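In case it helps, our numbering puts the sequence shown at residues 973 to 1254. Glycine residues also receive a C-beta, built at the ideal position from the N, C-alpha and C atoms. On a predicted model such as this, the values are computed, not experimentally measured, just so you know. What follows is a set of notes on a single structure, which appears directly below.
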Amino acid sequence: MAIREINLKNQMVKDFLDARDLATDAVVIAIFVLFLTFLRPFGMHQIDILYAGFFWFVICATGYVIYSPTMFFLSKLLDRNLPEWINTKATRLVLSTLAASVLMGLLAPFIINLFFNYFDNSYLQSIPMSVMYCTVIGGIIAGVSSIKSLVLQQQQQLKQNAEELALNSEKVESMQSQPVDTLINELPMAKRGQLICLQMDDHYLNVMTDKGEHLLLMRFKDALSKLEHYDGFQTHRSWWVAKEAVVETKKEGRKLILIMQNGTEVPVSQTYLANVKAALNL
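Structure below.
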């Protein structure tokens, strides 16, 4: 059980790291830093703009460190434990944002005090207002971040769909460029493999592959029509060979014999001799 929990935690950490896009996250943070710096909310109009910008940078960067992991891991936890009737993405977003805002609200007064000597009143008295401000600002940032994540997911899905479409197109083109498959598919599974040669034997077609031989009740010309675009050639009125399966040639008198990779000797008739020589560069 302990190992399973460790694996689950490791997977959650991996998912969290995979889900981060630091470049776009940095852009979102920069936009909010600039927005809050020039807006100067919460009575900051008398503060130097550079000092205000640095303050909001520290606040937003700290908020990112708190909100990002808190919302991610809490959403995962809620997804596994919330009752089904309220277990929605919106519910998990609201609850995880509130939890992260409370954490940020507890820390924010210390950052504000560092910049502005904020602790004129007690720390506990500052918490409600701090949590409220963090909830408002954090909620806006969380909403923008969620929209950004949704857009990125959609872009990733579109990219994946395009890649799958391209892969399927390549497979279709490959199948179209090798119509031999329509002939090979006529064979038993145990005999399907690399095509070596065909031999017409009476009314049957002997199909030889690197997995063995099998007789099909098929006319020779029908078989040849399935091999129009395949890299091979006819050597005899009853023989056809795959070019890549020819491993050697020999002569018996004036007759040319092709030796196939399975050891089969295929005769070449005078009718096809010139074509065979041209195909094999003899």
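Quick check on this structure: which residue in the options has the alpha carbon closest to the alpha carbon of residue i?
| i | options | result |
| --- | --- | --- |
| F1010 | F1029, V999, T1236 | F1029 |
| G1204 | E1158, K1048, C1169 | C1169 |
| G1008 | G1077, I1112, I1038, P1041 | As written in the sequence, residue 1008 is Leu, which differs from the Gly given in the question. Residue I1112 is the option with its Cα nearest to L1008. |
| R1226 | S1241, V1213, M1172, R1209 | S1241 |
| T1060 | T1069, A1071, A1072, S1047 | S1047 |
| T1069 | P1100, L1078, M1043 | M1043 |
| G1015 | C1032, G1077, F1088 | F1088 |
| N1234 | K1131, H1186, M1180, Y1202 | M1180 |
| G1184 | R1191, N1133, Q1166, D1173 | Q1166 |
For residue i, report the span of its alpha helix (DSSP H) as first-last.
| i | result |
| --- | --- |
| G1235 | Where G1235 is concerned, there is no enclosing alpha helix (DSSP H), given that its DSSP letter is neither H nor E. |
| T1063 | 1061 to 1088 |
Residue i bridges to which residues according to DSSP?
| i | result |
| --- | --- |
| F1205 | V1213 |
| C1032 | According to DSSP, which records beta bridges pairwise, C1032 is partnered with nothing at all. |
| L1137 | Answer is none; L1137 lacks a bridge partner. |
| M1180 | C1169, E1185 |
Count the other CB atoms, across all protein chains shown, that sit within 10 Å of the CB of residue i; report buried if there are 16 or more and exposed otherwise.
| i | result |
| --- | --- |
| A1246 | exposed |
| Q1081 | For the record, residue 1081 in the displayed sequence is Pro; it is not Gln. Its Cβ being crowded by 16 or more others within 10 Å, P1081 is buried. |
| S1094 | exposed |
| E1237 | exposed |
| R1064 | buried |
| S1149 | Residue placement at S1149 is poorly supported in this model, since its pLDDT is 49, which falls under 50; the coordinates still yield a value, given next. Exposed, because fewer than 16 other Cβ atoms sit within 10 Å of the Cβ of S1149. |
| V1037 | exposed |
| M1104 | exposed |
Can you round the beta-carbon distance between residue i and residue j to whole angstroms, since I take them to be within the 8 Å contact cut?
| i | j | result |
| --- | --- | --- |
| T1154 | K1198 | 5 Å |
| L1189 | Y1202 | With 8 Å as the limit, L1189 and Y1202 do not qualify as a contact, their Cβ atoms being about 21 Å apart. |
| I1109 | L1078 | So it is not a contact: roughly 15 Å between Cβ atoms. |
On the DSSP letters alone, give me the boundaries of the beta strand (DSSP E) that residue i sits inside.
| i | result |
| --- | --- |
| K1163 | Where K1163 is concerned, there is no enclosing beta strand (DSSP E), given that its DSSP letter is neither H nor E. |
| K1223 | 1218 to 1224 |
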